[in-house]
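These notes concern the structure reproduced below.
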Amino acid sequence: MKLDSLKIDVKDCLPSDESDPNISWESSLFLHGNGEVNWFATDFLMSDAIPNRSKKTAKGMIRYFLEYLECYENWKYNDIQGRPFPIGLITDSHLYDYVQYIEDDIGLNRNAIANRVRMALRFLEYVQKYYHLSYTLIAIANTDGEYFTKGLVNAERKISPYGKRYLHHDCIPHCESYGSRSPITDTAIESLYDDLDILEAEGDLYRFEFFSTLISLLEATGIRVSEAANIDTHTIEVLRAQVNASLSGKAIGLDEIISLNKLTINTQSLQAAQAIYRKSALGSANDQLIWIKIKTTKGKNKDKFRIIPISFTTAQYLIRFYDDYIVNELDRISKGLAKVNRAKFGKLFVHPSSHLPMSGIMISRLFYDVFSRKFKSKHKRSPHLFRHRFITLLVLQQLKALKTNIGGTQLAILILNRIKGLTGHASIKAMLHYVELAEAELYEDEDESEVFDRVTRDHLVAELGAEHVAEIEAGLRLKKAKQAFI
Numbered sequence: 001m002k003l004d005s006l007k008i009d010v011k012d013c014l015p016s017d018e019s020d021p022n023i024s025w026e027s028s029l030f031l032h033g034n035g036e037v038n039w040f041a042t043d044f045l046m047s048d049a050i051p052n053r054s055k056k057t058a059k060g061m062i063r064y065f066l067e068y069l070e071c072y073e074n075w076k077y078n079d080i081q082g083r084p085f086p087i088g089l090i091t092d093s094h095l096y097d098y099v100q101y102i103e104d105d106i107g108l109n110r111n112a113i114a115n116r117v118r119m120a121l122r123f124l125e126y127v128q129k130y131y132h133l134s135y136t137l138i139a140i141a142n143t144d145g146e147y148f149t150k151g152l153v154n155a156e157r158k159i160s161p162y163g164k165r166y167l168h169h170d171c172i173p174h175c176e177s178y179g180s181r182s183p184i185t186d187t188a189i190e191s192l193y194d195d196l197d198i199l200e201a202e203g204d205l206y207r208f209e210f211f212s213t214l215i216s217l218l219e220a221t222g223i224r225v226s227e228a229a230n231i232d233t234h235t236i237e238v239l240r241a242q243v244n245a246s247l248s249g250k251a252i253g254l255d256e257i258i259s260l261n262k263l264t265i266n267t268q269s270l271q272a273a274q275a276i277y278r279k280s281a282l283g284s285a286n287d288q289l290i291w292i293k294i295k296t297t298k299g300k301n302k303d304k305f306r307i308i309p310i311s312f313t314t315a316q317y318l319i320r321f322y323d324d325y326i327v328n329e330l331d332r333i334s335k336g337l338a339k340v341n342r343a344k345f346g347k348l349f350v351h352p353s354s355h356l357p358m359s360g361i362m363i364s365r366l367f368y369d370v371f372s373r374k375f376k377s378k379h380k381r382s383p384h385l386f387r388h389r390f391i392t393l394l395v396l397q398q399l400k401a402l403k404t405n406i407g408g409t410q411l412a413i414l415i416l417n418r419i420k421g422l423t424g425h426a427s428i429k430a431m432l433h434y435v436e437l438a439e440a441e442l443y444e445d446e447d448e449s450e451v452f453d454r455v456t457r458d459h460l461v462a463e464l465g466a467e468h469v470a471e472i473e474a475g476l477r478l479k480k481a482k483q484a485f486i
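Note that the sequence shown covers residues 1 to 486 in full-length UniProt numbering.
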């Protein structure tokens, strides 16, 4: 069967009355341009290997993998006349390329990469099992990592903490396994700074200063990378005016802060935000604060400006990076290289290689290239996780205050609205997840048996198992926060 002219689309297969009852409406035919069926993909999707409830999702992932094979030579070698790559000749290197293809297409989403690669592995496993091949297309190691033989593709069978078996390949980026909106962990942050030390030791001064500044900014503000990309010369000069005024003993008042940043908010809003920031783990009562204006890039507040307090030290760090490495280009001067005029774009973040101003996607890609490709880590490390950490720390402090003062629903809504102003969220509904995270941390030291009395818990454990009961207890604790905010 020819693999050229594969249609990157599928046709729903509607079962007749005599059809196998296991075939649902989500089953599909993958068709070639000449009308022939791609039976490898079709058989896999319509088989028991894919449960009926998963066929719709699987259909999209299989189609995506076939699309990759269809345009592989064009994507890899820029060969516009390249033929589709045969399924039966896929090797480990093609899966590594597949990861890069996914990144190029949809960005740096570790879960999306893992799901697509695992579906491809299942597809190859199905072909190996049910088609008479004279060679080993895919070899799968046991849970101890032992292979009986090697194949073109070499995967492993693993077991999740919940006892679920799945296929793994080394091309899948390694990271900690936790929720998509969980904050970056302290150990992950420490590992980033360890890698920064290596960058500095290698003499890559600009990348070291670039990422040191970026990480410091994300930690202090919780802004999106697309918002960091928008920071321009005017923002830096407003920071400089505030820092210079403070150093001269003439700190700028809140009214003037509003005027300098050309905002229409009132001083009461800034005072409330300042109080929240000082009481959180992000600041302290004695910190001297500087205000930075941020242009929101997502949601209903897109293109609107908000203002965030940062520490005096963070402000100085941003100004120093701009002066030394964007304006004066000390990294190039120290190596005897000519300046490339990074300052002409009027932006804080300029690419180290192209010397062009960066978008949020470009910053994320560079972050991934350095902290996932150059420096491998078991920790989940991406710029956006700093945003989750920032919001969780703000919410955690406010929940502690509520728990002590019994503030009630109205005060809770008021607090979330104030935090919303710092983070750029348009609705407090989007922040309820952070309430759950903060609530979980707030109660983490409490007695885990409090949810049920001993007799009830022993009965539930006997009926459902200790692990299931523990999950129920954790879920009930998390719901306490939501009930207080609805």
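We put the CB at the ideal spot given by N, CA and C, even for glycine.
Residue 447, DSSP secondary structure in three states: Confidence at residue 447 is low in this model, with a pLDDT of 41, below 50, so its placement is unreliable and no value can be given for it.
Closest Cα partner of residue 308 within the set 344, 328, 241 and 275: Relative to the Cα of residue 308, the nearest Cα in the group 344, 328, 241 and 275 belongs to 275.
In angstroms with no decimal places, state the Cα-to-Cα distance between residue 51 and residue 367. When rounded, the distance between both Cα atoms is 37 Å.
Extract the residue ranges of the alpha helix (DSSP H) inside the region 26-90, only unbroken runs of 4 or more that lie entirely within it. Within the region 26-90, the complete alpha helix (DSSP H) runs of at least 4 residues are 39-46, 55-70 and 72-77.
Residue 329 - DSSP class collapsed to helix/strand/coil: In the structure shown, residue 329 falls within a coil segment according to DSSP collapsed to helix, strand and coil.
Would you call residue 319 buried or exposed, if buried means 16 or more other Cβ atoms sit within 10 Å of its Cβ? Residue burial annotation: residue 319 is buried, with at least 16 other C-beta atoms found within 10 angstroms of its C-beta.
Across which residues does DSSP place residue 167 in a beta bridge pair? Answer is 157, bridged to residue 167.
If you reduce the DSSP assignment to three classes, tell me which class residue 232 lands in. Residue state, collapsed to three classes: strand.
Bridge partner(s) assigned by DSSP for residue 309: Paired residues: 291.
Buried or exposed for residue 173, please, with buried defined as at least 16 other CB atoms from any protein chain shown within 10 angstroms of its CB. The residue is buried, with at least 16 neighbouring Cβ atoms inside 10 Å.
Secondary structure of residue 344, DSSP reduced to three states: In this structure, residue 344 counts as helix in the three-state DSSP scheme.
DSSP beta-bridge partners of residue 350: As a beta-bridge residue in DSSP terms, residue 350 pairs with 357.
On the DSSP bridge list, what partners appear for residue 140? Bridge partners of residue 140: 155.
Enumerate in chain order the residues of its own chain whose CB-to-CB distance from residue 279 is below 7 Å, with the five nearest sequence positions on each side excluded. Cβ neighbours of residue 279 beyond the five flanking positions: 397.
Given a threshold of 16 other Cβ atoms within 10 Å of its Cβ, counted over all protein chains shown, does residue 455 qualify as buried or as exposed? Classification for residue 455: exposed.
Residues in its own chain within less than 6 Å of residue 105 by CB, not counting five upstream and five downstream? Taking residue 105 as the centre and dropping the five residues before and after it, the same chain places no C-beta closer than 6 Å to its C-beta.
Expressed to the nearest angstrom, what Euclidean distance is found between the alpha-carbon atoms of residue 300 and residue 101? Going by the C-alpha atoms only, they are around 31 Å apart.
Which of helix, strand or coil DSSP assigns to residue 172: DSSP places residue 172 in coil when its eight states are reduced to three.
For the 8 Å Cβ check, are there 3 or more pairs between the region 337-349 and the region 149-166? They do not touch, by the three-pair rule.
Which one of 423, 48 and 119 has the shortest CA to CA distance from residue 306? Minimum Cα distance to residue 306 is reached at 423.
Could you give the first and the last residue of the continuous alpha helix (DSSP H) run that contains residue 542? Residue 542 lies beyond the stretch modelled for the chain, which goes from 1 to 486, so this question has no answer here.
At least 3 beta-carbon pairs within less than 8 Å: the region 135-148 vs the region 349-363: Not touching, per the Cβ criterion.
Whose CA, out of 469, 470 and 370, lies closest to the CA of residue 195? Per the Cα distances, 370.
State whether the region 376-392 contacts the region 239-257, with contact taken as three or more CB pairs (one from each stretch) at a distance under 8 Å. Too few Cβ pairs lie closer than 8 Å, so no.
Does DSSP put residue 386 in a helix, in a strand, or in coil? Three-state DSSP puts residue 386 in a helix.
Euclidean distance between Cα positions of residue 39 and residue 124: Straight-line Cα distance between these residues: approximately 13 Å.
Whole-angstrom distance between residue 187 and residue 271, CA atom to CA atom: Using only the alpha carbons, I get a separation of about 33 Å.
Start and end residues, alpha helix (DSSP H) containing residue 126: Element bounds for residue 126: 110-130.
So, helix, strand or coil for residue 371, using DSSP? Three-state result, residue 371: helix.
In whole angstroms, what is the alpha-carbon distance linking residue 240 and residue 199? Straight-line spacing of the CA atoms in residue 240 and residue 199 works out to 28 Å.
Nonlocal neighbours in the same chain, by C-beta distance under 7 Å from residue 216, ignoring five residues either side: The answer, listed in chain order, is 314 and 317.
Own chain, CB closer than 6 Å to residue 287, minus 5 neighbours either side, in chain order: By the criterion of a C-beta distance shorter than 6 Å, residue 287 is surrounded in its chain by 311, once the five residues flanking it on both sides are discounted.
Outcome for residue 142 when other beta-carbon atoms lying within 10 angstroms are tallied against a minimum of 16: Residue 142 comes out exposed.
Taking the beta carbon of residue 132 as the centre, do at least 16 other beta carbons fall within 10 Å, making it buried, or is it exposed? Exposed, because fewer than 16 other Cβ atoms sit within 10 Å of the Cβ of residue 132.
State yes or no: is the C-beta of residue 119 within less than 8 Å of the C-beta of residue 85? Taking 8 Å as the Cβ cut-off, residue 119 and residue 85 do not qualify as a contacting pair.
Once the 5 residues before and after residue 321 are set aside, which same chain residues still bring their CB inside 7 Å of it? Around residue 321: 209 and 213.
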